[in-house]
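Asker: Structure below; questions to follow.
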Amino acid sequence: MMPPKNSQRPATFKGQSKTIKRLFSYIQKGYKISFIIVLICILISTGAAVASSLFLEILIDDYITPLLAVENPVFTGLLQAILIMTGIFLLGVLATLIYTRLMAVMTQGILKEIRDQMFEHMQALPIKYFDTHTHGDVMSRYTNDTDTLRQMFAHGLPQMFSSVVTIAAVSLAMLATSLHLSVVVLITLCFMLFVVKKVAGNSAKFFVKQQQSLGQTNGYIEEMIHGQKVVKVFCYEEEAKVKFDQLNDELCRNATEANRFANILMPLMMNMGHLQYVILAIVGGILAVNGIGGITLGTIASFLQLSRTLSGPIAQVSQQLNAVIMALAGAGRIFELLDEEVETDDGDVTLVNAKYEGEKLVETAERTGIWAWKYLTSEGNVAYIRLQGDVRFSDVDFSYDGENVILHKISLYAKPGQKVAFVGATGAGKTTITNLINRFYDLVDGKILYDGIDIKKIKKSDLRRSLGIVLQDTHLFTGTVMENIRYGRLDATDEEVIEAAKRANAHGFISMLPNGYDTVLAGSGTDLSQGQRQLLSIARAEVADAPVMILDEATSSIDTRTEAIIQKGMDALMEGRTVFVIAHRLSTVQNADVIMVLEQGHIIERGTHDDLIAQKGKYYQLYTGVFELE
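Pasting the structure below:
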C-alpha cells in the first residue's frame, strides 16, 4: 500500500476561477430561473433598505420642518408618505422571505447533486485510489467540505450579493445627496477596503490548511476506531494519543490562525464605521452651519443613515468573504475527488447466460448455469465461447508505483477445474497475482489469458462477475443475513441463497440465529464471531456461482475445529471450478493440483505437495518447520 497523498490547493482566490465557475455551473444547469428570481428579490430588498435612508431627508425637510413652522399643522401628507414607505418596507420583507426560501431549496438541491456525483464517481474509481487515501479523509469530503458549500450557498452568496448591491445603491444615493460628504465617505471607504484585503488575504491560506488538517484528523480517527481492538491488545493508547495530539494541534493552529484574522475583521469594520459616522456628523455640521453645498438638517440625517447602511454591508462582505474562501477550499477538495481518473475499460468481450441448441451455443435471458463469452469475430459476426476457467500468465511483470517491481516474469497456468495454491512470506506477491486476475491493477508487462482471451479485452464488470472471491478481511453490510449472502448475486432466489449457505456449512449457525436468515446484522456483523462472518463470506461467493474462485487466506480467521467443519463445504465450493488459493496454513493446500512457492516476486518452486516435499527445497523447509512464514 502506498502512503496517502496530501492535496495542496491554492490558498487564495488567485487560481480559483475554475472552481468558482464550476460551482456556478450547478446553478446554471438546474436552478437558473430560481437564481434570477433570487437576484431580483435581493434588488427589491436592497432598494427598500436604501429608500428608507433617503426617506429621512424627505421626511425631515418636506414634512416635519414645515409642520413645525405652522400653528395648526395638517398631518395628512405625512401619513400618506409613511404609508407609502410602509408598503415599500413590506415589499422588502416579502422579497427577503422569498429569496431566503429559494436559496434554501437551491442549496440542498445542489448539495444533493454534488453528493450524488461524488458517490457515483467513487464507484468508478480504481482500488488504487482507496489504497492511497485514508477513508476518513474521503468521508471528510462528503461531510465537512460539503457543509462549507452549504454555508456559502445558503448564507454567503446571498449576503455578499445583497451587500454589493447595497454598497452600489448607497454610493449612488450619497452622490445624489451630497458630493462634499461623498468625498469624505470615499476616503474612509478606501481605507476600509485596504484593511479587508490585508486581513482576508492572511486568513484565506489558513482556511485551506484548516480543511486539509480536518481531513487528516478525521482519517486518523476513523483508522483508530476501526482498529480499536488492536490498540487495546497492544496497549497502544498512549502512542495513539500522542499522534492524535499532533494532528489535533496542527488543526487547532490552522483553525486558530484562520479565525483569528476572520474574527478581528468584523469588529474592525464596525468600529471604522462608527468612526466614519462621527467624521460625517462633524463635517456635515460644519458645512451646514457655513451654508456650503446646500446641506440641510435633513441632508445630514439622511447621509448619516446612508453611512450606517453602507458600513453594515462592507462588514458583512468582509465576514462572508471568509466563509466563501473556506467553501472554495472545500470545493477544491471535492472537485479533486471528482477529477480523479476513473477505471478505464476498453473491453468488448462480455459475459452472458447461454444454452445449447444442438451443438450451437446461444445467448438466453434465463439462468441456465452456463456462462459464455460473447464477442465479435474478425468478420463482424457475433460468436460465443463457453467459459471454462482456463487462466494463464505469460511473463507478467508488475509494479505498484512504476519504480519498484513486485512481480518478475511470472508464468503459470491453471486449467479448468484445477486448484492452484500460492505460498510464501508476506510481501512475496501472492495477493498481487490475484489482484491482477480481476484487474484491480493492470500489469506492466506480459499477458494474462482467460480461456485464450487477453483479459484486457474483457469488460471489467463481466470479468469480475466470473470470479468468486473470499478475502481474508470479511465485510458484511447492515441488513439481513439473506441480503448479505445475496450480495454475491442480486437475482438469487431465497432457495439458492439457502442452498449456498448449506454448501458453505453456514446453514447450521444461521438457523440458530434469532430470526434465521431474516436476522438483521449491525455494522460489519460484529454480533457474529469471526468464523461465522467468514462462513457468510464463503456462502456469498458460492451463490455467485462463478467458474473461477479466489480464496485469499479464506480460513485464516477460522479456528482449527471450525476449519475441519467447513473443509467439506470448501471442497464442494471448489468442485468443478478453477481455484486459486492463498494460504499460510500449509495443511489447507496439500490437496492442491499444483503449489507455487513465491519469494520476492519470483516463483521459485512449483509442483504437487509430494513433489515439493521430495525436492526438499523451500516448501519442504516451511512444511517441516525449518522456516516459518512471516
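In terms of the numbering used here, the sequence shown opens at residue 1333 and continues consecutively.
From the three backbone atoms N, C-alpha and C, an ideal C-beta is built for every residue, glycine too.
Since the structure is predicted, the reported quantities are computational estimates derived from the model, not experimental observations.
1) Assign S1798 to buried or exposed, taking buried as 16 or more other Cβ atoms, counted over all protein chains shown, within 10 Å of its Cβ.
2) Are the CB atoms of F1730 and T1766 within a distance shorter than 8 Å?
3) Threshold first: 4 residues or longer. Then list the alpha helix (DSSP H) segments lying entirely within the region 1481-1546, N to C.
4) Which full runs of the beta strand (DSSP E) of 3+ residues lie inside the region 1677-1748, going along the chain?
5) Quick one: what's got a C-beta closer than 8 Å to K1950's C-beta in the same chain, skipping five residues either side?
6) Assign T1940 to one of three DSSP states: helix, strand, or coil.
7) Using the C-alpha atoms, what's the distance from I1596 back to D1577?
8) Pop quiz: D1477 and I1666 are said to be a contact at Cβ under 8 Å. What is the actual Cβ separation, rounded to whole angstroms?
9) Within 10 angstroms of the Cβ of A1456, are there 16 or more other Cβ atoms? Answer buried if so, exposed if not.
10) Indicate whether the contact test is met: 3 or more Cβ pairs, each with one atom in the region 1438-1449 and one in the region 1348-1367, closer than 8 Å.
11) Quick check: what's the CA-CA separation for R1640 versus I1611?
12) What are the boundary residues of the beta strand (DSSP E) that T1910 is part of?
13) Could you spell out where the beta strand (DSSP E) holding I1392 opens and where it closes?
14) Measure the C-alpha to C-alpha separation of V1755 and D1786 and round it to an integer number of angstroms.
15) Quick check on the DSSP output: the alpha helix (DSSP H) that includes V1425 runs from which residue to which?
16) How long is the line joining the alpha carbons of I1627 and P1490, rounded to whole angstroms?
17) With which residues is G1800 paired in a DSSP beta bridge?
18) Measure the C-alpha to C-alpha separation of G1811 and G1468 and round it to an integer number of angstroms.
19) Between the Cα of Y1732 and the Cα atoms of L1546, L1638 and F1772, which residue gives the shortest distance?
20) In angstroms with no decimal places, state the Cα-to-Cα distance between V1649 and P1398.
21) Would you tell me roughly how many angstroms separate the C-alpha atoms of Q1652 and F1809, rounded to the nearest one?
22) Between the Cα of I1742 and those of E1711, G1784 and L1775, spot the shortest distance and give me the residue it belongs to.
23) Please state if the CB of L1629 and the CB of V1497 are separated by a distance shorter than 8 Å.
24) How big is the Cα-Cα spacing for V1921 and A1704?
25) Rounded to the nearest angstrom, what separates F1407 and D1394 at their Cα positions?
26) Just to confirm the assignment, what range does the beta strand (DSSP E) spanning I1927 have?
27) What do you reckon, are the CB atoms on F1356 and S1384 nearer than 8 Å?
28) Mind checking who V1470 pairs with in its DSSP beta bridge?
29) Mind checking N1550: buried by the 16 CB within 10 Å criterion, or exposed?
30) If you run the structure through DSSP and keep just helix, strand and coil, what is G1778?
31) Could you tell me the distance, in whole angstroms, from the CA atom of P1879 to the CA atom of L1708?
32) From the DSSP output, which residues share a beta bridge with V1852?
33) If you follow the alpha helix (DSSP H) that V1752 is in, where does it begin and where does it stop?
34) How long is the line joining the alpha carbons of A1824 and E1815, rounded to whole angstroms?
35) State yes or no: is the C-beta of K1692 within less than 8 Å of the C-beta of T1700?
36) With DSSP as the reference, label D1783 as helix, strand or coil.
Answerer: So, from the data block:
1) Position 466 of the sequence shown, counted from the start, is the residue given in the question as residue 1798. Answer is buried; the Cβ neighbour count reaches 16.
2) The residue given as residue 1766 occupies position 434 in the sequence shown. The residue given as residue 1730 occupies position 398 in the sequence shown. Not a contact, by the Cβ cut-off of 8 Å.
3) 1489-1509
4) 1682-1689, 1692-1695, 1703-1708, 1714-1718, 1723-1731 and 1737-1746
5) As a first step, residue 1950 must be located in the sequence shown, where it is residue number 618. Answer for K1950: V1929, E1931, I1936, E1937 and F1959, listed in chain order.
6) Position 608 of the sequence shown, counting from 1, holds the residue named residue 1940. Note: T1940 maps to coil in three-state DSSP.
7) Along the sequence shown, read from residue 1 onward, the residue named residue 1577 stands at position 245. Along the sequence shown, read from residue 1 onward, the residue named residue 1596 stands at position 264. Computed Cα separation, rounded: 27 Å.
8) Looking up residue 1477 in the sequence shown gives position 145. Looking up residue 1666 in the sequence shown gives position 334. Indeed they touch by this definition, with Cβ atoms about 5 Å apart.
9) Position 124 of the sequence shown, counted from the first residue, corresponds to residue 1456. Counting Cβ neighbours within 10 Å, A1456 comes out exposed, since fewer than 16 surround it.
10) yes
11) The residue you call residue 1640 lines up with position 308 of the sequence shown. The residue you call residue 1611 lines up with position 279 of the sequence shown. Cα to Cα, the separation comes out at about 13 Å.
12) Counting from one through the sequence shown, the residue named residue 1910 turns up at place 578. Run containing T1910: T1910 to I1914, per the beta strand (DSSP E) assignment.
13) For the purposes of this step, residue 1392 is identified with residue 60 of the sequence shown, where counting begins at 1. From DSSP, I1392 is part of no beta strand (DSSP E); its letter is neither H nor E.
14) Within the sequence shown, residue 1755 is the residue found at index 423, counting from 1. Within the sequence shown, residue 1786 is the residue found at index 454, counting from 1. Those two C-alpha atoms are separated by around 26 Å.
15) The residue given as residue 1425 occupies position 93 in the sequence shown. T1408 to Q1455 is the extent of the alpha helix (DSSP H) around V1425.
16) The residue given as residue 1627 occupies position 295 in the sequence shown. The residue given as residue 1490 occupies position 158 in the sequence shown. Looking at the two C-alpha atoms, the distance is approximately 35 Å.
17) Translated into positions along the sequence shown, residue 1800 becomes position 468. Paired residues: M1881.
18) Here residue 1811 corresponds to residue number 479 of the sequence shown, with the count starting at 1. Here residue 1468 corresponds to residue number 136 of the sequence shown, with the count starting at 1. Cα to Cα, the separation comes out at about 23 Å.
19) As a first step, residue 1732 must be located in the sequence shown, where it is residue number 400. With distances taken between Cα atoms, Y1732 lies closest to F1772.
20) For this step, residue 1649 is matched to residue 317 along the sequence shown. For this step, residue 1398 is matched to residue 66 along the sequence shown. For V1649 and P1398, the distance between alpha carbons rounds to 40 Å.
21) Position 320 of the sequence shown, counted from the start, is the residue given in the question as residue 1652. Position 477 of the sequence shown, counted from the start, is the residue given in the question as residue 1809. In a straight line, the C-alpha of Q1652 is about 41 Å away from that of F1809.
22) On the sequence shown, residue 1742 is found 410 positions in, with the first residue counted as 1. Checked all of E1711, G1784 and L1775; the closest Cα to I1742 is L1775.
23) Against the sequence shown, residue 1497 aligns to sequence position 165. Against the sequence shown, residue 1629 aligns to sequence position 297. Cβ distance not < 8 Å, so V1497 and L1629 don't count as in contact.
24) For the purposes of this step, residue 1921 is taken as residue 589 along the sequence shown, with counting starting at 1. For the purposes of this step, residue 1704 is taken as residue 372 along the sequence shown, with counting starting at 1. Taking the straight line joining both Cα atoms gives about 30 Å.
25) For the purposes of this step, residue 1407 is taken as residue 75 along the sequence shown, with counting starting at 1. For the purposes of this step, residue 1394 is taken as residue 62 along the sequence shown, with counting starting at 1. The alpha-carbon atoms of F1407 and D1394 are separated by roughly 12 Å.
26) Stepping through the sequence shown from its first residue, residue 1927 is reached at position 595. Looking at the DSSP string, the run of the beta strand (DSSP E) that includes I1927 is V1926 to E1931.
27) Along the sequence shown, one-based indexing puts residue 1356 at 24. Along the sequence shown, one-based indexing puts residue 1384 at 52. Not closer than 8 Å, so no.
28) By 1-based counting over the sequence shown, the position of residue 1470 is 138. The partner list for V1470 (beta bridge, DSSP) is empty, contrary to what the question assumes.
29) Locating residue 1550 in the sequence shown gives position 218, where the first residue counts as 1. By the neighbour-count rule (16 or more Cβ atoms within 10 Å), N1550 is buried.
30) The sequence position of residue 1778 within the sequence shown is 446, counting from 1. Strand at G1778.
31) Walking along the sequence shown from the start, residue 1879 turns up at place 547. Walking along the sequence shown from the start, residue 1708 turns up at place 376. Near 22 Å, if we compare the C-alpha coordinates of L1708 and P1879.
32) As a position in the sequence shown, residue 1852 is number 520, starting the count at 1. Note: V1852 sits in a beta bridge opposite T1812.
33) Against the sequence shown, residue 1752 aligns to sequence position 420. Where V1752 is concerned, there is no enclosing alpha helix (DSSP H), although the beta strand (DSSP E) it sits in stretches over K1751 to G1756.
34) The residue you call residue 1824 lines up with position 492 of the sequence shown. The residue you call residue 1815 lines up with position 483 of the sequence shown. Taking the straight line from one Cα to the other gives about 10 Å.
35) Along the sequence shown, read from residue 1 onward, the residue named residue 1692 stands at position 360. Along the sequence shown, read from residue 1 onward, the residue named residue 1700 stands at position 368. The answer is no: Cβ separation not under 8 Å.
36) For the purposes of this step, residue 1783 is taken as the residue at position 451 of the sequence shown. Three-state result, D1783: coil.
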